[in-house]
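Residue numbers (our numbering), protein chains in the order written: chain D, 41 to 239; chain X, 274 to 386.
Heads up, the beta-carbon is just placed ideally off N, CA and C, and yes, glycines get one too.
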Amino acid sequence: MSRNHVTVPTGAALRVKALEAILEEKGLVDPAALDPIVDQYENKVGPRNGARVVAKAWTDSAFRKRLLDDATGAIAELGYGGPEGGYLVAVENTPKVHNLVVCTLCSCYPWPVLGLPPVWYKSFAYRSRAVRDPRGVLKEFGVEIPVDVEIRVWDSSAEQRYIVIPMRPKNTERMSEAQLAELVTRDSMIGVGLVKAQA
Amino acid sequence: MKTLKPEELLAGLPLENEMTFSAPWEARAFAIAVRLSESGVCTWDEFRRHLIDEIGKADKVRAHGWVENGDGYYVYFLRALEAVLREKGLVDTSMLETRMRAISEADHDDHDH
Numbered sequence: 041m042s043r044n045h046v047t048v049p050t051g052a053a054l055r056v057k058a059l060e061a062i063l064e065e066k067g068l069v070d071p072a073a074l075d076p077i078v079d080q081y082e083n084k085v086g087p088r089n090g091a092r093v094v095a096k097a098w099t100d101s102a103f104r105k106r107l108l109d110d111a112t113g114a115i116a117e118l119g120y121g122g123p124e125g126g127y128l129v130a131v132e133n134t135p136k137v138h139n140l141v142v143c144t145l146c147s148c149y150p151w152p153v154l155g156l157p158p159v160w161y162k163s164f165a166y167r168s169r170a171v172r173d174p175r176g177v178l179k180e181f182g183v184e185i186p187v188d189v190e191i192r193v194w195d196s197s198a199e200q201r202y203i204v205i206p207m208r209p210k211n212t213e214r215m216s217e218a219q220l221a222e223l224v225t226r227d228s229m230i231g232v233g234l235v236k237a238q239a
Numbered sequence: 274m275k276t277l278k279p280e281e282l283l284a285g286l287p288l289e290n291e292m293t294f295s296a297p298w299e300a301r302a303f304a305i306a307v308r309l310s311e312s313g314v315c316t317w318d319e320f321r322r323h324l325i326d327e328i329g330k331a332d333k334v335r336a337h338g339w340v341e342n343g344d345g346y347y348v349y350f351l352r353a354l355e356a357v358l359r360e361k362g363l364v365d366t367s368m369l370e371t372r373m374r375a376i377s378e379a380d381h382d383d384h385d386h
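The structure is reproduced here in structure tokens:
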């Protein structure tokens, strides 16, 4: 049996195991340090953080202004930061402008506020089409943007990550910040979703 | 690993509850990359340059309509991780393959008992 050809995913699992063993031997990676990292990104860091940021921006106009001026500084007020969180830019949807975020080169994404990117965000289809045909892509997500609304597409990079501040839906005046945060979806903060109007 | 056509990737979304990783090795590879950048073995930007490179190569193959060996984001991620470690002179391919052989032989012996 040839061992030269490594198949995926069993080959990949073996490859990672071997890589980890070598790095441990060299004293470069302590395997005990890896589980907390996985736990952090699987369970602790996620779009709920971003939802809190958005809800605060909806209810606190001074915070909203700070967020639009310096998103990295503003999210730090809520205790969010860390890897991939630097150079965060908040872009605000309005009745005239809809924002959509992509990373055409790889998968740059604001981890501290949105967690790790969903599978489709990293897909060739999304990366190649979001810039070229944003309305078409949005339609596939079930989002129809009126023709008189400008769509701005933000291509993320090592220098800048984006979070979309979606429009606050109608009939939410009486809701608390925590209740509002419940309405905010991950997709609405990437710009492929809207926050649903309340009955 | 599930392989989807581009049209399928965008169909039937959003998937609010999808999993972050589709296999344990993906999570492990991700954690190794984060750890190496935290401890300064390489910077995240150095790693990202390799990731962009690997994804770019795969995109070119897709753009030509050829079938690519090993689909999936974390396959590129793993290739980038290996590339940055190779560049730093820390882990080379033969070292890795020797270790893979040793691990799979050890596993095999276990199963024989």
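For residue i: DSSP bridge partner residues
i	result
I203/D	A130/D
H138/D	I191/D
CA-to-CA distance, residue j to residue i, given in whole angstroms
i	j	result
E360/X	R374/X	23 Å
N342/X	A97/D	The predicted position of N342/X is uncertain, since its pLDDT is 49 and thus under 50; no value can be drawn from it.
Q200/D	R321/X	14 Å
T112/D	F103/D	12 Å
D188/D	G231/D	17 Å
V204/D	L107/D	11 Å
L309/X	A114/D	28 Å
G86/D	Y349/X	23 Å
I191/D	G122/D	30 Å
A221/D	P206/D	12 Å
V314/X	I62/D	14 Å
V224/D	V94/D	7 Å
A52/D	M229/D	32 Å
G67/D	I376/X	19 Å
T366/X	T316/X	21 Å
Y346/X	L358/X	19 Å
R88/D	H381/X	44 Å
F164/D	T371/X	33 Å
R335/X	D326/X	14 Å
G182/D	A296/X	29 Å
Q238/D	P76/D	38 Å
V56/D	A304/X	11 Å
K105/D	D70/D	42 Å
S196/D	E64/D	34 Å
V142/D	A170/D	7 Å
A379/X	M368/X	17 Å
Where residue i meets chain D, residues with beta-carbon distance less than 7 Å
i	result
S377/X	L54
V307/X	I77, P123
D332/X	F164
R321/X	C146, A198
R359/X	Neighbours of R359/X on chain D: none; closest Cβ ~11 Å, over 7 Å.
Given residue i as reference, the closest of the options once Cα atoms are compared
i	options	result
V193/D	A58/D, A130/D, V159/D	A130/D
R92/D	R226/D, A239/D, I185/D, N83/D	R226/D
L234/D	R208/D, S216/D, T212/D	R208/D
N211/D	V69/D, E190/D, K236/D	K236/D
E355/X	Y346/X, A296/X, L324/X	L324/X
S168/D	L145/D, K66/D, P71/D	L145/D
D109/D	S228/D, E132/D, L118/D, W160/D	E132/D
L118/D	P186/D, P174/D, P152/D	P152/D
R172/D	K136/D, A53/D, L140/D	L140/D
A198/D	S295/X, F303/X, A300/X, D318/X	D318/X
L363/X	E60/D, A218/D, S228/D	E60/D
R301/X	D70/D, L74/D, Y202/D, V69/D	L74/D
L351/X	S312/X, E299/X, D382/X	E299/X
T293/X	L178/D, W160/D, L128/D, V183/D	W160/D
Y127/D	K136/D, C148/D, T134/D	C148/D
A218/D	Q80/D, K84/D, T99/D	T99/D
I185/D	T134/D, P158/D, K162/D	T134/D
K330/X	A306/X, M368/X, A353/X	A353/X
I328/X	Y120/D, A72/D, K162/D, L156/D	K162/D
Under 8 Å from the C-beta of residue i: neighbouring residues of chain X
i	result
I203/D	The contacting residues do not exist; I203/D stays about 16 Å from chain X at best.
L68/D	L309, S312, V314, L363
Proximal chain X residues relative to residue i, where beta-carbon distance stays under 9 Å
i	result
Y120/D	Going along chain X, no residue has its Cβ under 9 Å from Y120/D, so there is no contact; the nearest lies around 17 Å.
A61/D	R372, A375, I376
E184/D	Correct list: empty, because the minimum Cβ distance to chain X is about 15 Å.
Y81/D	T293, F294, A300, F303, A304, V307
L156/D	T293, F294, F303
Chain-ordered chain D contacts of residue i [CB-CB under 8 Å]
i	result
R335/X	F164
A356/X	Within 8 Å Cβ-Cβ: nothing; A356/X doesn't reach chain D, min ~12 Å.
Within chain X, the residues that residue i reaches when beta carbons sit closer than 7 Å
i	result
A73/D	R308
A58/D	L369, R372, M373, I376
Residue-level contact to chain C via CB, residue i, 8 Å cutoff
i	result
D318/X	Going by chain labels, chain C is absent from the structure shown, which instead holds the protein chains D and X.
Checklist entry - Taking the runs of the alpha helix (DSSP H) that are 4 residues or longer, which of them lie wholly in the region 71 to 123 of chain D? => result Entirely contained in the region 71 to 123 of chain D, the alpha helix (DSSP H) runs reaching 4 residues are, in chain order, 74 to 79, 87 to 99, 101 to 109, 111 to 117.
Checklist entry - In chain order, which alpha helix (DSSP H) runs of at least 4 residues are fully inside the region 295 to 334 of chain X? => result If only uninterrupted alpha helix (DSSP H) runs of at least 4 residues are considered, those enclosed by the region 295 to 334 of chain X are 297 to 311.
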